[in-house]
Amino acid sequence: MSAARLAEYMRVYDVSLSASCVLTDEAGPFGLGMLGVRPGRAWITRLGVIPERRQAGAGRAIMTFLLDAARERQIETVWLEVIKGNMPAFHLFQRYGFRTTRELLVVRRSPIPRDSPATIASTIREIIPLTRADVLPLLANRREKPNWLNETESMHNVDQLEALMVKCRHGGYGWASFDVGKFQLTRIVVEVMAGDPVIVTAAILHAIHQHHPRKDTMIENIAAADPKWPGFQRVGYFDAFRRIEMVRP
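Shown next as structure tokens:
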């Protein structure tokens, strides 16, 4: 991650430098842990130790520092995610009292996937552009609990936030917000207000990708049990890898 991307990451996700740490010795840095801080909750991220130092208690030292930093701020609720299958990290977090909440998907879509079925375009009756002022209240009133990465506070911090609403011919409708980068779309949030969640989701995503046909797309932390996920698959998204969301107490 470049310095510019790291700075953006810290700004968007409210990472506190004073609550984060770097482990160093005479050979240089060998471990990192960062803590996002929001009212009443914190989020552990970017926790890592170079491979040759992973058996020396470095991970435990970072965890202890981060949890102490949360307590100093009177924060008891702490969230994190771990890549599914990383059992050493998963067991480390369990030892610190973290419990699993849900499985999350990290998904991608290439700029030129297989053609979306023509039936998807035919379901769209109207596409309505939304302003930032329009979509922030919608983000704050989502039905499902968002993950830290796509919480409303994160979206407030995104500079290139765009949004639209799609109305379908069968009466369903919904909206989406998304971050438009130079080469990539990220941070897509889809909310279905009425109608079949799969059909409406596919219609919304089709509208987005018709408007940004040359951009690669990556979306982090969609709930694996989200009924909208098959709608993503209909327009060419695939499951890149999975994370396990955890929380304490």
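First residue of the sequence shown: 5, per this note's numbering; consecutive thereafter.
Backbone N, C-alpha and C fix where the C-beta goes; we use that ideal spot for every residue, glycine too.
Determine the direct distance from the alpha carbon of residue j to that of residue i, and round the result to whole angstroms.
{"i": "VAL239", "j": "ARG129", "result": "18 Å"}
{"i": "ARG42", "j": "PHE182", "result": "22 Å"}
{"i": "ASP243", "j": "GLY37", "result": "27 Å"}
{"i": "GLU157", "j": "ASP163", "result": "12 Å"}
{"i": "PHE34", "j": "THR81", "result": "27 Å"}
{"i": "ARG103", "j": "ARG173", "result": "43 Å"}
{"i": "ALA7", "j": "ASP200", "result": "43 Å"}
{"i": "ALA46", "j": "LEU134", "result": "31 Å"}
{"i": "VAL170", "j": "THR127", "result": "10 Å"}
{"i": "PRO150", "j": "ARG64", "result": "28 Å"}
{"i": "GLY32", "j": "THR190", "result": "34 Å"}
{"i": "PRO231", "j": "GLU107", "result": "14 Å"}
{"i": "SER24", "j": "GLY185", "result": "27 Å"}
{"i": "GLY61", "j": "MET67", "result": "10 Å"}
Go ahead and label residue i buried or exposed: buried means 16 or more other beta carbons lie within 10 angstroms of its beta carbon, across all protein chains shown.
{"i": "HIS210", "result": "buried"}
{"i": "VAL194", "result": "buried"}
{"i": "LEU21", "result": "exposed"}
{"i": "THR28", "result": "exposed"}
{"i": "ARG113", "result": "buried"}
{"i": "ILE212", "result": "buried"}
{"i": "ASN154", "result": "buried"}
{"i": "GLY175", "result": "exposed"}
{"i": "GLU76", "result": "exposed"}
Grouping DSSP H, G and I as helix and E and B as strand, with all else coil, what is residue i?
{"i": "MET91", "result": "helix"}
{"i": "SER6", "result": "coil"}
{"i": "GLU148", "result": "coil"}
{"i": "GLN98", "result": "helix"}
{"i": "ARG136", "result": "helix"}
{"i": "GLU56", "result": "helix"}
{"i": "THR105", "result": "strand"}
{"i": "ALA198", "result": "strand"}
{"i": "THR123", "result": "helix"}
{"i": "ARG15", "result": "helix"}
For the putative contact between residue i and residue j, defined by C-beta atoms under 8 Å, what is the C-beta separation to the nearest angstrom?
{"i": "LEU84", "j": "ILE48", "result": "4 Å"}
{"i": "TRP152", "j": "TYR17", "result": "7 Å"}
{"i": "TYR177", "j": "ALA198", "result": "6 Å"}
{"i": "GLY44", "j": "ILE79", "result": "7 Å"}
{"i": "ARG247", "j": "TYR100", "result": "About 17 Å; that fails the 8 Å criterion."}
{"i": "ILE223", "j": "ILE192", "result": "5 Å"}
{"i": "ILE226", "j": "LEU109", "result": "4 Å"}
{"i": "ARG39", "j": "VAL19", "result": "Reading the sequence as shown, one finds Leu at residue 39 and not Arg. Indeed, because the Cβ distance is near 7 Å, the residues count as touching under 8 Å."}
{"i": "ASP220", "j": "PHE245", "result": "About 16 Å; that fails the 8 Å criterion."}
Over what stretch of residues does the beta strand (DSSP E) that includes residue i continue unbroken?
{"i": "ALA211", "result": "Unbroken run through ALA211 is the alpha helix (DSSP H), 201 to 215; no beta strand (DSSP E)."}
{"i": "ASP183", "result": "177 to 184"}
{"i": "ILE48", "result": "45 to 53"}
{"i": "ARG238", "result": "Careful: ARG238 lies outside any beta strand (DSSP E), inside the alpha helix (DSSP H) at 233 to 238."}
{"i": "ALA167", "result": "165 to 172"}
{"i": "GLU224", "result": "220 to 227"}
{"i": "ILE248", "result": "242 to 252"}
{"i": "PRO115", "result": "Element bounds for PRO115: n/a, residue is neither H nor E."}
{"i": "LEU36", "result": "32 to 42"}
Going by DSSP, what residue range makes up the alpha helix (DSSP H) through residue i?
{"i": "ASP29", "result": "ASP29 -> not in any alpha helix (DSSP H); beta strand (DSSP E) instead, spanning 19 to 29."}
{"i": "ILE66", "result": "62 to 76"}
{"i": "GLU157", "result": "156 to 160"}
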